[in-house]
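In this note's numbering, the protein residues as written are 295 to 580.
Here's what the structure looks like:
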């Protein structure tokens with residue numbers, strides 16, 4: 295019973311530590327105090343229950359090193375993926391782009407996310423229990439996952455899609471196919487606000503407010519662009535796309551929010567202290 299509770303507390307401490315590390319540089323130094331005064335003690339309490347006897351100075355030092363390594367490792371891996379997406383944006387973006395999306399389909403993004411999760415989960419036992427844990431098999435698996443993930447990022451480097459002010463929609467796939475859909479080939483556009491449930495974002499799995507531009511072509515094909523971060527920058531980007539659609543005289547509809555979506559929308563506006571007026575105007579939320 296004690297060992298099970300200890301493992302639970304260890305997991306809680308690690309999750310809280312990872313969250314604090316991820317938010318430290320964006321939300322303020324208060325998360326450093328939460329990391330030190332709450333997350334680390336919870337982790338230590340779990341270790342005390344797990345091993346069943348008092349912690350020595352050496353074990354306290356060892357467990358502190360392990361905790362810091364895990365809490366820094368996972369956000370660092372996610373940061374690599376973020377910087378990879380930014381680098382793609384800086385490399386391929388050119389004058390006239392209203393929107394840039396680093397993958398051409400949700401499938402490519404999902405595969406990248408799954409590879410990242412498996413890589414992180416395979417590394418954690420080595421950090422928690424020592425480099426020799428799992429033997430050569432686990433070490434080989436980690437190296438294999440690292441190579442596979444790096445290869446995937448290399449292969450999908452040219453995979454992206456974008457919205458251009460004059461050219462329309464540009465889609466570049468990882469296998470080298472490029473397609474441009476000019477504005478005259480877009481029959482209609484729909485903006486759909488929704489709640490993305492149980493999303494595996496950087497540091498949590500909480501539902502988040504999201505919205506999608508869906509472009510319906512005259513041949514019936516559809517291309518979508520999604521945003522999952524309610525921010526002033528993303529609103530301005532979305533507003534520029536909306537204005538360009540209206541400028542091209544393309545029929546545009548904005549979906550109405552249901553009660554659940556409106557709840558999360560208003561909650562995120564309040565949490566991020568955003569002025570609701572421009573957001574309500576964009577989403578026709580009166």
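Virtual Cβ for every residue (Gly too), placed ideally from N, Cα, C.
Mapping DSSP to helix, strand and coil, what is residue i?
| i | result |
| --- | --- |
| residue 388 | coil |
| residue 295 | coil |
| residue 496 | Because residue 496 carries a pLDDT of 45, less than 50, the predicted location of this residue cannot be relied on, and the following value inherits that uncertainty. Residue 496: coil per DSSP, three-state reduction. |
| residue 462 | strand |
| residue 544 | coil |
| residue 396 | coil |
| residue 456 | strand |
| residue 440 | helix |
| residue 451 | helix |
| residue 467 | coil |
| residue 431 | helix |
| residue 568 | coil |
| residue 313 | helix |
| residue 574 | helix |
| residue 401 | helix |
| residue 330 | helix |
| residue 307 | helix |
| residue 550 | coil |
| residue 445 | helix |
| residue 579 | coil |
| residue 426 | coil |
Residue i: which of the options sits nearest, CA to CA?
| i | options | result |
| --- | --- | --- |
| residue 501 | 483, 432 and 524 | 524 |
| residue 510 | 490, 531 and 480 | 480 |
| residue 453 | 414, 478 and 378 | 378 |
| residue 335 | 313, 346, 317 and 308 | 308 |
| residue 435 | 455, 445, 412 and 450 | 412 |
| residue 312 | 298, 366 and 562 | 366 |
| residue 419 | 333, 432, 457 and 409 | 432 |
| residue 306 | 473, 361 and 513 | 361 |
| residue 373 | 315, 402 and 338 | 315 |
| residue 383 | 358, 396, 450 and 343 | 396 |
| residue 560 | 469, 489 and 346 | 489 |
| residue 338 | 300, 327, 371 and 363 | 300 |
| residue 475 | 450, 487 and 514 | 514 |
| residue 429 | 416, 441 and 440 | 416 |
| residue 344 | 297, 359 and 352 | 297 |
| residue 410 | 376, 380 and 381 | 376 |
| residue 385 | 451, 437, 371 and 470 | 451 |
Look at the Cβ atom of residue i, then the Cβ atom of residue j, and state whether they are nearer than 8 Å.
| i | j | result |
| --- | --- | --- |
| residue 581 | residue 466 | Here the chain covers residues 295 to 580 and nothing more, so residue 581 does not appear. |
| residue 576 | residue 536 | yes |
| residue 325 | residue 331 | no |
| residue 457 | residue 558 | no |
| residue 485 | residue 507 | yes |
Our contact map puts residue i next to residue j with C-beta atoms below 8 Å; I'd like the distance itself, whole angstroms only.
| i | j | result |
| --- | --- | --- |
| residue 341 | residue 368 | Residue 341 to residue 368, Cβ: 19 Å. No contact. |
| residue 459 | residue 538 | 6 Å |
| residue 357 | residue 406 | Actually they are not in contact, since the Cβ atoms of residue 357 and residue 406 sit about 32 Å apart, beyond 8 Å. |
| residue 455 | residue 464 | 6 Å |
Would you give the residue range spanned by the alpha helix (DSSP H) that residue i belongs to?
| i | result |
| --- | --- |
| residue 334 | 334-345 |
| residue 539 | 526-541 |
| residue 474 | Per DSSP, residue 474 belongs to no alpha helix (DSSP H); it is in the beta strand (DSSP E), 472-475. |
| residue 348 | Counting along the chain, residue 348 falls outside any alpha helix (DSSP H), and DSSP gives it neither H nor E. |
| residue 557 | 553-565 |
| residue 323 | Neither: residue 323 is in no alpha helix (DSSP H) and is coded neither H nor E. |
Quick one: give me the first and last residue of the beta strand (DSSP E) that residue i is part of.
| i | result |
| --- | --- |
| residue 502 | 502-511 |
| residue 490 | 480-490 |
| residue 517 | 516-521 |
Cβ-heavy atom distance between residue i and the ligand GDP below 7 Å?
| i | result |
| --- | --- |
| residue 536 | With respect to the ligand GDP, the structure offers nothing, as it holds no ligand at all. |
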